[in-house]
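Student: Below are the structure tokens for one structure; questions will follow.
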Amino acid sequence: MRILVVGGSGLIGTRVVDVLRGRGHAVTSVARTARPGVDHLLDLESAAIDDLRPLLAGHDGVVLATRADEQRVLPRPAYPALRRELVEPVVRLFTAARHEGLTRGVVMGSYYTHFDRLHPQWRLTAHHAYVRCRRDQAGEGRAAAGPGLPVAVLELPFVFGRAGDRLPNWAGPLDRWARSRAPLVVPVGGTATASVDSVADITADALEQARGGDVPVADENLSWAEMMTRIAGSVGRPRRVGRLPAAAVRAPLRCGGLLHALAGREAGINPAHLADLLLAELFLTPTTGRSLDPALRDTFAEPVPSAGGTPA
1 MRILVVGGSG
11 LIGTRVVDVL
21 RGRGHAVTSV
31 ARTARPGVDH
41 LLDLESAAID
51 DLRPLLAGHD
61 GVVLATRADE
71 QRVLPRPAYP
81 ALRRELVEPV
91 VRLFTAARHE
101 GLTRGVVMGS
111 YYTHFDRLHP
121 QWRLTAHHAY
131 VRCRRDQAGE
141 GRAAAGPGLP
151 VAVLELPFVF
161 GRAGDRLPNW
171 AGPLDRWARS
181 RAPLVVPVGG
191 TATASVDSVA
201 DITADALEQA
211 RGGDVPVADE
221 NLSWAEMMTR
231 IAGSVGRPRR
241 VGRLPAAAVR
251 APLRCGGLLH
261 ALAGREAGIN
271 PAHLADLLLA
281 ELFLTPTTGR
291 SLDPALRDTF
301 AEPVPSAGGT
311 PA
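Under the UniProt record's numbering, the first residue of the sequence shown is numbered 1, with each subsequent residue one higher.
Spelled out as structure tokens, the structure:
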């Protein structure tokens, strides 16, 4: 197959390109900035359908592996700006892909959409503009693709790993915290986790099978305490990780949400409701059973630069 990977210079995109080529597929890599291995430069947010069609022509499938910063604080309401970043480019991309006769696609999404379906009483799309955009991205992207172009949406949790100098954008703060002398104290909840290698393998499988649907991805489910314990071990500073009382988690986040509201600002994930997520067990089943340890070592074996890396 011939596959176009949009966001091919990021952590996930780089690994997807490597895995697809390792399986014998021809890959075209597209990114916003020039880097070794990038075949074409494209800003997906500003690209029109007519800009995308020549890039997609002759390909069998397309992977969208661009990143989004769900914590970015924007003028209230945040949804229109996030929609321009997350939803509208996907609609144009898959409209162009349908016109060019592509037969399969994969979008890197968020596991928050999984929990929105599983727990509608949490009202995640009402509380968090980012989750609403991820839901709309999947639905409107598939509508644009049409029935002849199945689109698999990989619902991703925390993704660990390294591809050259590309790292998760949150790796730097956790790395510095784990290496510091500051106490490690975390909420009582937990999260699903995955390695970038698993994400790339599942992406390649979805393309080869022309698979559609929502695909939650997880290698291991970890409490926050388990995750920080293993990160501390990976950086060579193993120590006990304490647990914060729920009230100590809720109060500062609610204050942060109030301050944003008073300033006419809003984050993609609203801090006023973030504590509910941090205190929950955001676990996915089934898991792959693949150990996260190699990805943890890749992410944290060396000090992460202050600027961090660029995930997909």
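Even glycine gets a Cβ: it sits at the ideal position worked out from N, Cα and C.
#1: Could you pull out every residue in the same chain whose Cβ sits closer than 6 Å to the Cβ of ASP175, ignoring the five residues on either side in sequence?
#2: Let's see if you can read the secondary structure: which residues bound the beta strand (DSSP E) around ALA26?
#3: Along the chain, which unbroken stretches of the beta strand (DSSP E) at least 3 residues long are found entirely within the region 240-275?
#4: Once the 5 residues before and after THR28 are set aside, which same chain residues still bring their CB inside 6 Å of it?
#5: In whole angstroms, what is the alpha-carbon distance linking THR33 and GLY101?
#6: Go through its chain and collect everything with a Cβ distance to ALA200's Cβ below 6 Å, but skip five positions before and after it.
#7: Bridge partners for SER223 per DSSP, in chain order?
#8: So the beta strand (DSSP E) SER110 belongs to, where does it begin and stop?
#9: Is the separation between the beta-carbon of ALA97 and that of VAL131 shorter than 7 Å?
#10: Between VAL235, GLU70 and HIS59, which has its C-alpha nearest ALA26's C-alpha?
#11: For ALA275 and LEU253, which I take to be in contact (beta-carbon distance under 8 Å), what is that distance rounded to the nearest angstrom?
#12: Helix, strand or coil for GLU281? Go by DSSP, reduced to three states.
#13: For THR203, which residues in the same chain have their Cβ closer than 7 Å to its Cβ, ignoring the five residues on either side in sequence?
#14: List the DSSP bridge partners of ARG2.
#15: Report back the beta-carbon spacing between ALA192 and TYR111 to the nearest angstrom; my notes put them in contact at under 8 Å.
#16: Rounded to the nearest angstrom, what separates VAL241 and TRP224 at their Cα positions?
#17: Only counting runs of 4 or more residues, tell me where the alpha helix (DSSP H) segments fall wholly within the UniProt domain "NAD(P)-binding" (7-136), in order along the chain.
#18: Less than 7 Å separating the beta-carbons of GLU266 and ALA81?
#19: Taking the C-alpha atoms as reference points, what is the distance between PRO294 and ALA263?
Tutor: Judging by the given coordinates:
#1: Cβ within range, chain order: PHE300 and VAL304.
#2: 26-31
#3: 265-267
#4: LEU4 and ASP39
#5: 27 Å
#6: Contacts found: ARG15, VAL16 and VAL19.
#7: GLY190
#8: 104-110
#9: no
#10: HIS59
#11: 5 Å
#12: It is a strand residue.
#13: VAL16, VAL63, VAL106 and LEU154
#14: ARG2 has ALA26 as its beta-bridge partners, per DSSP.
#15: 6 Å
#16: 9 Å
#17: 11-22, 49-56, 79-86, 88-99, 111-118 and 124-127
#18: no
#19: Linking PRO294 to ALA263 through their CA atoms gives a straight-line distance of about 43 Å.
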